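Report on one structure; see the data block that follows.
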Ligand SMILES: Cc1ncc(COP(=O)(O)O)c(C=O)c1O
Ligand SMILES: Cc1ncc(COP(=O)(O)O)c(C=O)c1O
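Protein chains in written order, with my numbering: chain A, 1 to 154; chain B, 1001 to 1154; chain C, 2001 to 2407; chain D, 3001 to 3407.
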């Protein structure tokens, strides 16, 4: 696969200048996720009102930029807003390049549209989002969405 | 492989009219051998002076005829005569059809020359001979011969 | 008729071979099936164009190989109607699949003295010995259903009871051809909370098998008996059970994280696929499933039922032939074992081979089944989607020859 | 020069492929090797002409398949200088071979608390996790050699001691390229009566390996890394040890006799080969060994040493590249792992792939080795008999590209 569309300027920007990086207190839920095939790791913390989402991790440009975008998109949202955005991002990533992203919903997240064409990298982009969902659940915030069923089957 | 050479008249004769079949007392050594791939079985008994070799078993024409020929050839021999004949028979069977049998030594055993060309049947022909060797060893008679090394490597 | 056996045969290169100057009559598919061009080609193309290791690389070849491997998993999941592809574990053969369950489930259930495992007297050694060894390791007791003179499982009341933890049964016997009626066994097992494994080595290749309709917990089958390559087998297991079971083989690709001090494990199926899996073989098995689907498993089964009916009728008229197993095509598959009066199976097989007819002789890796019928060995003719009635006739002519030599 | 790399390359169909518009530069042979036409053809011909199950039939196809399978065993025995073909057990991969020893030898030695097993910090997960699980099962303790900054095993005195029962060590590291000096380890193990297993997954494909000269007890290696197919691996073990060990996987073909009440087992190698083995894969592996023998393993090794020397020299000049493992070709093989300052290996690998250069990135199934060097992942280029200096140059050009994108 050619690189067109993978390393968007927006992604490289978020990678080089991550937003909201670093683990902060207080928090109500925390989750640590690992990508077993490549060893990338991330820890995500959330407050119950989603007013802060903090994270730290080791990983490639895609997973790190994705965490930065997640922080931007979901911090300060309501649970149901967050659920909607989460669902849209997961759908984009699992769409094998066939899903048209909505900038209204996804903001900088639309830069990840190209990643969906690289099956080996989809997991990188999703790593922070999956960790976020677990952390939120532990904080008592339900951001699971209907896209989950398809995720299990993917 | 065509059947030419496998089912010699001599073999079918020994199969239909086995010599010395049936387990007899007294005996000093006994061995029970099984061919694990096909389930054929044989029990061989020997007296210490080799004056009697008795046997019983379940098996195909080749293994049964081979036991009958063994009885004929080895009963009443000295240990060293038996070792020589044993060695010649094993060499014939493992010769892939390249060994010329000596009728002086092998008598009716030369009819098994054709069996050597059927790798799947060589084990059938050898089954009674291997059981005999074990039974003899248990009776304190050493019929092992130099061909043994090659047998292990075959 | 929709099932065109001549067209099917044209796909199998080996069927144009001669054996000892006679056209090959391959009646040993229960031992291993032949492979169509489509399967052989799929593997060759994979090795020539897409070879890479799976689940490990971001490069193009690795991504292509991973997709091909996972696509195969998806095809096989659909073929047996698994709930998700994650319920499909690739092994090296049926035997490994059964051993995996014996080890991992045995450990998960913490089997102990007093617990019972139930099998039957018509099992293949691969569905006997792993359970004997599990009993040795844990002190559990092995029990078994016996077999009737007609070759049917005798459903003995109380054999499955409150002590029973696992029932593992052959779906279709590789010796008798019997297709076991799974319903009552599953019901009995469920009523006491026991788990059920089916050895589908002989059924998945020949009949539509739907794991959810069967209602069992695990099934095992093997690539080389279903038009696929050697070197690959399949374990299907219910996801919640697989997810609860500890790993069996350990190593690369089945881990979550490893330190020298300890290891955590990946979710199934990865947890049970240690090391580099049979990648090209999975591609070949996927192509085999495509081939079977294109014909339709109902049509395959129907064809084999017709061949079986013909063979049962024809063999019944051959003097001196004694059939083992059900004598009518109902509830049985295309695997016919028999004896020929006064002639050892080895000799029967040898003479048939001389006229190009390939049958299996011996104990068929099912010594207790042979023992049940009082013989050390049998001769077996087994059929598949490429078998014709002409080949049955060739078998019968071969048996005439057997009687001539040993008459 | 006798080693004609252009001629070698012409035998590998995949090497004429393009990746993203660039000629394929395959630098991931330590992950899995490519396969020459000779291997692919041998398998195809087997499947088209000689397919039958082994060790079970008297018919012509079964006899041909059995001969082909056993001939492959003989070739592989000779390739590693085994005393007899009976010392060669076919498994599905290296990982199964190591698990087999961990289970069967562990049981044979009746391991218990107080006993120790020694490995190293540079092992592949497949030579770590099976021993961790064995320790869990038996209460034995796992200990390990550590690794120096130069990527060498630190031979710590007293680590192998009177409590040591098994030492299992990688012969050549799949991450660092280090070839371990086996002599002192074997001597230490012998002096305390411990047994030694070598993980030769990376050495047997690349150097002459002589099991008797090494003086070890077991080695494991895997077909797909040595020009052979996926789905087959090899355990070599000293015959008297194999003969004393209980079986691991159980089922068809590994038995002597089976009754419902109990089973006795066949002699090795059959004892350890339950179920239908990877038959066509053995044929393919035999063809791979023929191919390697025709070139000569000394020549193969020599070629790779030259490529490695060139690569070490060339990469040393690339700005921002940090090499892990020995920096000169002595005592190392053609596997080079490195980091690129400020760029994650995933991104390095992705950009290299865009220009057709296929390298592996990640933890290489050796997390403790990565941890030893303080990184979660590395980029690895690995070479084989078809690798050219031009390909090393393409790698370096690709690394320039990496710096451009992430500069
Ligand atoms: C050193 C080493 N050991 C073991 C293995 C495992 O080999 P396989 O995956 O074929 O079982 C590998 C390769 O992945 C390896 O490089
Ligand atoms: C009923 C049954 N179970 C298990 C097996 C074992 O299959 P495999 O040898 O492929 O492991 C076979 C075939 O040999 C079989 O017929």
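Yeah, the Cβ is synthetic: ideal placement off N, Cα and C, and Gly gets one too.
Please read all numbers here as calculations on a predicted model, not as lab measurements.
Partner residues on chain C for residue 1007/B, Cβ-Cβ distance less than 9 angstroms:
2347, 2350, 2351, 2405, 2406
Under 9 angstroms by beta carbon: chain A residues contacting residue 2255/C:
36
Provide the residue span of the beta strand (DSSP E) that contains residue 3199/D, from first to last.
3195-3199
List the residues of chain E whose Cβ lies closer than 9 angstroms to the Cβ of residue 1135/B, in chain order.
Absent here is chain E; the protein component of the structure consists of chains A, B, C and D.
Assuming residue 2218/C contacts residue 2101/C under a Cβ cut-off of 8 angstroms, what Cβ separation, rounded to an integer in Å, is found between them?
5 angstroms
Flag residue 2199/C as yes when its Cβ comes closer than 7 angstroms to any non-hydrogen atom of ligand 3, and as no otherwise.
For the structure depicted, ligand 3 is absent and the ligand set comprises only ligand 1 and ligand 2.
Residue 3313/D CB to nearest chain C CB: under 8 angstroms?
no
Of all Cβ atoms in chain D, is any one closer than 8 angstroms to the Cβ of residue 97/A?
no
What's the C-alpha gap between residue 125/A and residue 3399/D?
23 angstroms
Taking only beta-carbon atoms, is residue 2121/C less than 8 angstroms away from chain D?
yes
Does residue 3240/D come out as helix, strand or coil in the three-state DSSP assignment?
helix
Going by DSSP, what residues sit across from residue 3335/D in a beta bridge?
3382/D
Mind checking whether the beta-carbon of residue 3124/D lies closer than 7 angstroms to any heavy atom of ligand 1?
yes
Count the other CB atoms, across all protein chains shown, that sit within 10 Å of the CB of residue 2369/C; report buried if there are 16 or more and exposed otherwise.
buried
With which residues is residue 2143/C paired in a DSSP beta bridge?
2118/C
Taking 8 angstroms as the CB-CB limit, is residue 3337/D close to chain B?
no
Could you tell me which of 2181/C, 2141/C, 2237/C sits nearest to residue 2153/C, measuring between CA atoms?
2181/C
How far does the alpha helix (DSSP H) with residue 2169/C in it reach, from first residue to last?
Premise fails: residue 2169/C lies in the beta strand (DSSP E), 2164-2170, not in any alpha helix (DSSP H).
Are residue 2125/C and residue 3331/D closer than 8 angstroms when you measure CB to CB?
no
If you measure from the CB of residue 3202/D, is any heavy atom of ligand 1 nearer than 7 angstroms?
yes
Given 7 angstroms as the limit, tell me if residue 2170/C has its C-beta closer than that to any heavy atom belonging to ligand 2.
yes
Return yes when the Cβ of residue 68/A is within less than 8 angstroms of the Cβ of residue 19/A, no when it is not.
yes
Note down the Cα distance separating residue 1147/B from residue 1079/B, rounded to an integer number of angstroms.
Bear in mind that a pLDDT of 40 at residue 1147/B, under 50, signals an unreliable position, so the number given afterwards is only what the model happens to contain. Rounded to the nearest angstrom, the two C-alpha atoms are 16 angstroms apart.
Check whether the segment 3056-3073 of chain D and the segment 2046-2057 of chain C touch, using three or more Cβ-Cβ pairs below 8 angstroms as the test.
no
Contact with chain C by residue 1068/B, beta-carbon distance below 8 angstroms
no
From this set, 2130/C, 2112/C, 2088/C, 2122/C, which residue's C-alpha is nearest residue 2103/C's C-alpha?
2130/C
Any heavy atom of ligand 2 inside 7 angstroms of the beta-carbon of residue 3365/D?
no
Below 8 angstroms on C-beta distance, what does residue 3126/D contact in chain C?
2250, 2251, 2252, 2274, 2275
Output yes if chain B places a C-beta closer than 8 angstroms to the C-beta of residue 3056/D; else output no.
yes
I believe residue 1007/B touches residue 2405/C by the beta-carbon criterion, under 8 angstroms. Please report the beta-carbon distance rounded to the nearest angstrom.
6 angstroms
Identify the contact partners of residue 2094/C in chain D, using a Cβ-Cβ distance below 7 angstroms as the criterion.
3275
Alpha carbon of residue 3199/D to alpha carbon of residue 3098/D, nearest angstrom
8 angstroms
Closest Cβ-Cβ distance between residue 2088/C and chain D: below 8 angstroms?
no
Against chain D, with Cβ distances strictly below 8 angstroms, would residue 2260/C count as a contact?
yes
Sorry if obvious, but does the Cβ on residue 2093/C come closer than 7 angstroms to a heavy atom of ligand 2?
yes
Is there a C-beta anywhere in chain C that falls below 8 angstroms from the one on residue 3224/D?
yes
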